[in-house]
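If you count by this note's numbering, then the sequence shown holds residues 748 to 1017, one letter each, in order.
To start, the structure itself, in structure tokens.
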Amino acid sequence: MNTSDIMNLALEMSGLDKLPDDSEIYVQGDNIKKVLFSIDVNDADIMLAKNLGYDAVINHHPLASVTKAYNVFKDNVNLMVNAGVPEEAAKNAVHEKFEAAKISSQSQNYDKVVSVARLLNMPLMNIHQPLDEIGRSIMQNTVDNALKRNPNSTLKDITDALYTIPEFKRARTNIRILLGSGDTPAGRVYVSHGAYTNGGYDIANACFESGINTVIYIHISYADYKKLKSESKGNLIVTGHIASDCVGINPFIEKLRQHKIEVTGINGII
């Protein structure tokens, strides 16, 4: 396989029909048989891959694509609408954080790691939204199946269901109920994961005001959590960033191995 084949495989698995702005091939590579896979690669890792004879490095989080990755945040609108949030409310919820991400993208040293890969002629790519979409689907399906088995599921029932996913069992972080308690009825549950980054206060609030009882994030800032807590409009579960990313990354790694590619995971691949 080459780097384009690998990217197309990720798109196929995620159901996306085009390459999102947070994913990119930086240094092309062919005849790839041995891959170093990372969540947050650095320049030393690129040198390590070269010295150990890897054919390519795949990173999860955006590298140079960070200059345009904020565009993916708008995908939250469709995800929210599909969950029952009115379109106008979804657009309003996305607007401020999208603008903040757009402005902050100017501050990034986008070429730091990529320049090292170019210098060493080490094939390098990052795959973000496609793998997050795989993970989001797994998490949402797990929750939906739990609710089908028991429409009166509590928040503890939901966290128990999520713990059937191997990555959460292995993680050093715990799934935490931040708003609500274990015996609180879960009601309608929405997994907000992917679409670049977490939705913070605005997306959770829009969900609560649209009749969604429980929002699941992979992480949240303390300020956004405090604001949601002060208003007490709904329940919030946080699953942990790295473990949640791996829910989508690991099925992709397994697919690469089925294509006879040797994969070594570092920097958070659990």
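Backbone N, C-alpha and C fix where the C-beta goes; we use that ideal spot for every residue, glycine too.
Short of 6 Å in beta carbon distance, which residues of its chain neighbour residue i, apart from the five on each side in sequence? Order them along the chain.
i       : result
Lys815  : Asp768
Leu783  : Ala796, Tyr801, Val804, Thr1011
Thr750  : Ile772, Gln775, Gly776, Pro870, Met872
Ile963  : Val938, Ile984
Ile1013 : Ser785
Ser761  : Pro877, Glu880, Ile881
For a quick check, are the C-beta atoms of residue i and residue j less than 8 Å apart?
i      : j       : result
Lys780 : Ile1000 : no
Glu914 : Asn839  : no
Ile950 : Arg935  : no
Val841 : Gln887  : no
Asn982 : Leu926  : yes
Ile965 : Gly987  : yes
Ile905 : Ile984  : yes
Ala908 : Ala918  : no
Ala830 : Ala953  : no
Gly995 : Ile881  : yes
Gln853 : Val813  : no
Ala990 : Thr920  : yes
Val910 : Lys903  : A small correction: the amino acid at residue 910 is Tyr; Val does not occupy that position in the sequence shown. No, Cβ-Cβ distance for Tyr910 and Lys903 is not below 8 Å.
By Cβ distance, which residues of its chain are closer than 7 Å to residue i, with the 5 residues on each side in sequence left out?
i      : result
Thr901 : Gly929, Asp930, Thr931, Pro932, Ala933
Pro809 : Asp769, Ala816, Asn873, His875
Ala811 : Glu771, Tyr773, Tyr857, Asp858, Val861
Lys974 : Tyr948
Lys976 : Leu926
Arg865 : Val774
Lys849 : Tyr817
Ile967 : Asn945, Gly947, Val985
Tell me the DSSP secondary structure of residue i in three-state form.
i       : result
Val813  : helix
Leu795  : helix
Asn982  : strand
Arg923  : strand
Ile912  : coil
Leu783  : strand
Tyr773  : strand
Pro870  : coil
Gly1012 : strand
Thr931  : coil
Val936  : strand
Thr944  : coil
Tyr964  : strand
Ala847  : helix
Can you tell which of the options has its C-alpha closest to the C-alpha of residue i?
i       : options                        : result
Ile956  : Ile924, Asn789, Lys980         : Here residue 956 turns out to be Glu, not Ile, going by the sequence shown. Residue Lys980 is the option with its Cα nearest to Glu956.
Asn778  : Glu759, Asp752, Asp764         : Asp752
Gly1015 : Met748, Ile772, Asn789, Leu763 : Asn789
Glu699  : Tyr948, Pro833, Thr911         : Only positions 748 to 1017 of the chain appear in the structure, and residue 699 is not among them; the question remains open.
Glu759  : Leu878, Asp822, Asp787, Gln853 : Leu878
Lys863  : Asp792, Asn825, Ser761         : With the sequence shown as reference, residue 863 is identified as Val, and Lys is not the correct amino acid for it. The residue with the shortest Cα to Cα distance from Val863 is Asp792.
Asp971  : Lys844, His807, Met754, Met827 : Lys844
Please work out which residues of its chain come closer than 8 Å, Cβ to Cβ, to residue i, disregarding the five sequence neighbours upstream and downstream, and give them in chain order.
i      : result
Leu756 : Met748, Phe999, Lys1002, Leu1003, His1006
Asp822 : Pro767, Gln876, Gly941, Ala942, Tyr943
Val832 : Ala840, Ala953, Cys954, Ser957, Ile959
Val824 : Glu834, Ala837, Lys838, Val841
Met794 : Val863, Leu867
Asn897 : Asp904
Kindly examine the ligand PLP and report whether one of its heavy atoms sits closer than 7 Å to the Cβ of residue i.
i      : result
Ala830 : With respect to the ligand PLP, the structure offers nothing, as it holds no ligand at all.
So, does the stretch 809 to 826 touch the stretch 939 to 949, judging by three or more C-beta pairs under 8 Å? yes
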